[in-house]
Amino acid sequence: MASDTAVSIPTNMPTTNRPMNLGQSMDDNTSRLDGVAKITGAAKYSSDMILPNSLFARFVRCPFGAASLESVDDADAKKIDGVIEIDIQPKECQYDGQPVGHVAANSPMLVDRAIKALNLKWKKLPVKTQITDTVKEEIAKGDVKDADVTFAAVYSTPVQTHSSLETHGGVVDHHGDKATVYASTQGTSSVRDGIGEPLGLKASDFEVICEYVGGGFGSKLGGPGKELTLAAKLSQKFKRPAYVMCNRADEHLDTGNRPSSMTSVQIGLKKDGSVVGGEILTYGGTGVGKGGGGVSIPSGRYNFQNVNKKHTDVSFNGGGPRPFRAPGHPQAAFAEELMLDEAAALIGMDPFTFKRKLVKDDVYREMMDMGAKLIGWSDRKETGTQKSAMRTGYGIGTGGWGSANPGGNAEVVIHQDGSVESRTGTQDIGTGQRTTMGICTADSIGIPLSFVTVQIGRSTLPPGPGSGGSVTSPTTAPTMMAAAAQAKGKLLDVLAKGSGGDANEFSVKDGVVLRKGEKFLAWKDACAKLTPDGVTGSASTGDGGKGNSQGVQFIKVVVDCETGIVHPKHVIAIQSCGRVICRKTAESQIIGGVIQGISYAMFENKILDRNNGAMVNPNLEWYKILGPNDMPHIEPVLWWHGQTGVKSLGEPPNIPTAAALACAVYNAIGAPIRHLPMTPDKVLKALEGAAS
Amino acid sequence: MPDPNQPPGFSRRSFMKTVGVSATVTTLSGLAEAHALAREQAEGEALQGPGPVKMKFTVNGKASEVSVEPSTTLAEVLRYSLGLTGTKIICDRGACGGCSVIIDGKLLNACMTLAFDVAGAKITTVEGLAQGGKLDPVQESFLRHDALQCGYCTPGFIVATRSFLNDVPKPTLDQIKKALGGNICRCGTYTNIFNATLEASGQAPIMDQKGVS
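Listed below in structure tokens is the structure:
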């Protein structure tokens, strides 16, 4: 929070470089409220809670896809001065990174040293490392007898790890009968629900704090996790603060992922561009996880008539999946949109015309028309017609998302000194939740944002939802607005009583209390009429309003056919999300979704060694994430047509991107790349196939 | 300005040189002589470690003395000994730039720098950029353009950008992309980081289209 630092800066900081989005939100100019803390290094994330006299711990993990731990020799490790506890139990492991115990020591460096000094005897076991180790690629069949043309293909996507820059874990400070838990989590409330037992404390005797989170993307939902659970036990046992954070390799191996997928399609088409039916078989590579591998194709956005769908989850020796920014959607959109582009080519139709015809909802058609103009679709050359070394391609992707109802709990306190507190137990994982809560409060009351202090990220606040399913804003924003309106109502009641008028005569605008439209009192003077307790508004629901989350993205790409390198050049990302609260953070969500989508399409791949099941790239140089030098120009377009309800924005913009990019590459080189990521070797191989 | 590759005190380079020579000598005339030569090679300084050893440097204008093992990285010292947690350890092997610090005017990954290698050096971390209650222009532009989301990569990006603009005051967009290529953001804020960097160097941000009728 800004108050954490000596530096104070106005949050009202207009920018003008995205003219299309100006004037379309409740607040165009506010910079995020925790921005100053984050840019000065003052923000203390859970991983920054290095408390005096802490002990540090990490899990000891199986180094192979399947192996049995036969014997443990920890004599050398125990000799290291400062090693506090080594607890390792022989067992059979089913994936690289599966914990077999832990080491605790006086510093993280000592923990590393002790783990290296362990002498563990492993017996390797046979492994399966991918979907096709169990399932043969099979071509879908389905009813296509009325079709003029049939199209069949198999698409696949790799395992993508969340790669949150702050790893999983946290710090527990157990004081005997009380405890403080610093959690890196997407669910402050869910940590509260799961940490009591390992702490050995009642819910009333501990607090979970989560002021800042260094990314989560779905992987930090669902309770305290094994890291915080270990920290709780260690802190209780040794009566010291316990710090347990994954290292980068742990993070890739054992904190969830977007499961791999394989999609086999056959569709039948009429020459006029209608789809008459077909079959879609999907497989989700869930590692050791039980379920969670679903692939959301058909998406329902296109009219496919009679398409059968069958899904199978496939196990192998890899860490299990967790929700990852629109689970099941990017992999499905990739298969669906590329399938449509390939089918369009079969019947000689422009994919824009084809998709525009097939899509069910008119909003997508309007978005497509706008995006086509912005990207310059008219410059697009027919697929397979370019002969130069550098070939330009254009692609379209679509994405849709459901909505959530208002809920959670929120409180707004107006103090006697004029300060206003906005309180809810959610967390800001980078979405801007802290900022949007402040804007909702200020806007509902009619005061400048600078009057408002937002309190989030504590289990002692009114409980809020987890940051998952893109529901945080749709759930909490209406509720916070309702709480603020109630607090304001109470203030106006007090003013009315004190001056012998009717509360309806009073209103608040720009920080001034008005009576019958005329200035009555400055905000501070009005609040001074309150008792020292102030007034509190609280709510657990609000007005959901109208609106939805739909998106269309257009990508222009240049492919270097000599090196096989794909260069995305320009992205138009049109996204509706209901009523926009904070323009800047909303644009950031869209840009971020697009960037993760391009990264997924071009680079990311958790590779398991086929012989022993070990991950060969558990780091950030061989598990490559898109960097600054790989960037296209991205234009986020907030599609706001008089919508009144606050809707989802976190996940939707991540859905269409990989699909649009794959379609653009296909358009450029004349051959589809059906298996992500689109690395240079695959581009060159596809070109070879197209030439022969 | 002292050369960060040749800092006063014990350096990794002189250590390697010492070990190399002593290994050869050991086979010829025994350990004691090798050690004597090693001491001489180290220019009169005693070999230090492996236990904690005192060292000094200046961090954000403040003289600091810490007691660390020679294997400790600067990132570990900053975070665990000095509480300067703005410097993040993210990949811990020089692939992400989250631990970017400026050492004697030069940008380095603190996770790839042994603390001993920078004894006596002047170090600037993200905490040292805002002066007298005023943000560095880079910080202010990052804030204005929302060039951060979760904020975990942000200190590294800000330090890297500051260092880059010190060297290249008016960079082109392509230069910015290449110069910041050693830093990674997972939330995906690059577009806004480019705009912030352009603005901090007195240039106009990249304009989006006005729209289509």
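For the record, the sequence lines run as chains S and F.
Read left to right, the first sequence gives residues 1 to 692 (our numbering).
Read left to right, the second sequence gives residues 1001 to 1213 (our numbering).
For every residue, glycine included, the Cβ atom is placed at its ideal position computed from N, Cα and C.
Counting only Cβ pairs nearer than 8 Å, list the residues of chain S close to residue i.
i        : result
E1127(F) : T40, G41 and A42
T1154(F) : K38 and I39
I1158(F) : I39
G1098(F) : L165
G1181(F) : G627, P628 and N629
Would you please verify whether the beta carbon of residue i is less than 9 Å from any beta carbon of chain S?
i        : result
V1212(F) : yes
V1059(F) : no
T1124(F) : no
K1177(F) : yes
G1049(F) : no
F1164(F) : no
N1192(F) : yes
L1107(F) : no
S1071(F) : yes
Q1203(F) : no
L1135(F) : yes
Establish whether the CB of residue i and some CB of chain F are separated by less than 9 Å.
i       : result
T5(S)   : Because T5(S) sits at a pLDDT of 45, beneath the cut-off of 50, its placement in the model cannot be relied upon, and the point is left open.
D34(S)  : yes
P628(S) : yes
M1(S)   : Reliability fails at M1(S), whose pLDDT of 38 lies under 50, so the model's placement of it is uncertain and the value that follows must be treated cautiously. With 9 Å as the cut-off, M1(S) does not count as an interface residue toward chain F.
R380(S) : no
S588(S) : yes
E621(S) : yes
M437(S) : no
E635(S) : yes
M615(S) : no
Run down chain S in chain order and give the residues with a C-beta less than 7 Å from the C-beta of residue i.
i        : result
M1207(F) : N17
F1142(F) : I39
I1184(F) : L620, I625 and G627
Within the same chain, show all residues whose beta-carbon is closer than 7 Å to that of residue i, passing over the 5 residues directly before and after it, in chain order.
i       : result
M481(S) : C440, S444 and G542
For the ligand GTP, any of its heavy atoms closer than 8 Å to the Cβ of residue i?
i       : result
K516(S) : The ligand content of the structure shown is nil, which means the ligand GTP is not present either.
Just to confirm my understanding: we take residue i, look at its own chain, exclude 5 residues before and 5 after, and list those with CB closer than 6 Å. What are they?
i       : result
V191(S) : A183, T185, V208 and P224
K519(S) : V512
N409(S) : P462, P463 and S540
Y155(S) : T263, A335 and R674
G466(S) : Q186, G187, S190 and L221
A343(S) : F151 and L269
D76(S)  : A117
L358(S) : Y302 and N303
E337(S) : G397, A659 and C663
Whose Cβ in chain C lies nearer than 7 Å to the Cβ of residue i?
i       : result
K584(S) : The structure shown contains no chain C; its protein chains are S and F.
Please list, in chain order, the chain F residues whose beta carbon lies closer than 8 Å to that of residue i.
i       : result
V594(S) : G1188
I555(S) : Correct list: empty, because the minimum Cβ distance to chain F is about 14 Å.
Which same chain residues, not among the five before or five after residue i, have their C-beta less than 8 Å away from its C-beta?
i       : result
P19(S)  : none
K490(S) : I414, V535, T536 and G537
N619(S) : R248, A249 and H252
Give the residues of chain F in contact with residue i, contact being defined as C-beta atoms less than 7 Å apart.
i       : result
D48(S)  : T1085
V45(S)  : First, the amino acid is wrong: residue 45(S) is Tyr here, not Val. Within 7 Å Cβ-Cβ: Y1152.
N247(S) : D1092
I429(S) : C1150
Within 9 Å of chain S by C-beta, residues of the segment 1073 to 1096 of chain F in sequence order: T1073, E1076, R1079, Y1080, G1083, L1084, T1085, G1086, T1087, K1088, I1089, I1090, C1091, D1092, R1093, G1094, A1095 and C1096
Uninterrupted alpha helix (DSSP H) stretches inside the segment 285 to 336 of chain S (no shorter than 4 residues): none
Every unbroken alpha helix (DSSP H) within the segment 98 to 172 of chain S, with a cutoff of 4 residues, ordered by chain: 108 to 117
Residue ranges of each alpha helix (DSSP H) within the segment 565 to 639 of chain S, 4 or longer: 583 to 602
Under 9 Å (Cβ pairs) to chain F, residues found in the segment 99 to 111 of chain S: S107, P108 and M109
Beta strand (DSSP E) runs wholly inside the segment 465 to 538 of chain S, at least 3 long, in chain order: 506 to 509, 512 to 515 and 518 to 522
Contained beta strand (DSSP E) runs [length at least 3] in the segment 49 to 83 of chain S, N- to C-terminal order: 55 to 61 and 67 to 73
Interface positions of the segment 207 to 223 of chain S facing chain F (Cβ-Cβ less than 9 Å), listed along the chain: Y212, V213, G214, G215, G216 and F217
Interfacial residues, the segment 22 to 33 of chain S to chain F, with Cβ spacing under 7 Å: S31 and R32
Segments of 3+ residues assigned as beta strand (DSSP E) that fall wholly inside the segment 1092 to 1144 of chain F: 1100 to 1103, 1106 to 1109 and 1122 to 1124
In chain order, each beta strand (DSSP E) run of at least 3 residues that lies wholly inside the segment 380 to 417 of chain S: 390 to 401 and 410 to 414
Positions along the segment 358 to 373 of chain S whose CB lies within less than 7 Å of some CB in chain F: M370 and K373
Ordered list of beta strand (DSSP E) runs contained in the segment 214 to 288 of chain S, each at least 3 residues: 242 to 245, 260 to 269 and 275 to 287
Ordered list of beta strand (DSSP E) runs contained in the segment 1050 to 1095 of chain F, each at least 3 residues: 1053 to 1059 and 1062 to 1068
Inside the segment 181 to 207 of chain S only - alpha helix (DSSP H) runs reaching at least 4 residues: 188 to 199
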